[in-house]
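The structure appears right after this line, and notes come after that.
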Amino acid sequence: MINILIKLLSLLLYSRTEFRDNFNSDLELLGYKYGLIGNESFDYYYIYHSGNIVISLTTREGDADLYISQTAVYPTFYPDNYDLHSATCGLDSIEIPSNFETPIAVGIYGHSGHEVSNYVLEVYKNPRTEGQAFAVILDELPESKEDSNSNYRKDDEGESSRKQRDKDSERKKKAKQAASTAIGFSSLLEIIGLIFL
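Taken in order, the sequence shown gives residues -19 to -1, 1 to 178; the numbers are from mature numbering (1 follows the signal peptide of the UniProt record, and there is no 0).
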């Protein structure tokens, strides 16, 4: 538990600094989200967009992977459940063509090799295309997409997929609780530091 708190504390301190990757420095940023995810869990975002965009996932600590679908509401690592993906140990970047249906479902998977992964999800205008682009990133599932989700694993694995999603939700809650504990721990360390100055 102490190791997790120390890792989370270092992540919080690191997150206070300005973060920019050389890859992203010349691109027009349309939106971003910061996130913290536990191992073997998924976070989901939904991106409404127009024009050609680039979705970039930078893992600041741990290892998070990117799964994108224009049809499945909850894209996972199953090959029939995503349209595009990137699974590297660093910067994951995917160009989204303008003809992709909107909203795009984005699944971020916390790799099992790390207890917690800290990431930044960014959406950029594709610099290799002309014209305007915009993007809005939502944390919630759009109602119209939820009702029409025919690709959400309703076959033999449907029940296990729902159980996995519930398990992911529980892990996400625990990761957020651990992060809030780390914030309290960080404040305590700052107070102790002020006392001994």
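The beta carbon of each residue, even a glycine, is placed where N, CA and C say it ideally should be. Please read all numbers here as calculations on a predicted model, not as lab measurements.
What residues in its chain sit with their C-beta under 6 Å from that of residue i, if we drop five residues either side in the sequence?
i    : result
A116 : L11, G12, I28, H30, I34, V104
E121 : none
Y15  : V101
C70  : D44
Y48  : P56, Y63, H66, G88
S50  : P56, Y63, D64, A86
Considering only C-alpha positions, which residue in the set the options is nearest to residue i?
i    : options            : result
L38  : E21, S50, N80, A68 : A68
S74  : Y26, E82, T57, I36 : I36
Y63  : C70, L72, D46      : D46
T52  : V87, E21, K106     : V87
N107 : S98, P78, F23      : P78
Tell me whether residue i, by its Cβ, gets closer than 7 Å to a heavy atom of the ligand PLP.
i   : result
S50 : Absence of the ligand PLP is noted for the structure shown, with no ligands found whatsoever.
What does DSSP give as the partner residue(s) for residue i in the beta ladder?
i    : result
N99  : L17, E42
E76  : V35
A116 : H30
F23  : Y90
L10  : Y105
Who are the near neighbours of residue i in its chain, counting only those whose CB is closer than 8 Å to its CB and skipping five residues on each side?
i    : result
L119 : Y26, Y27, I28, Y29, P84
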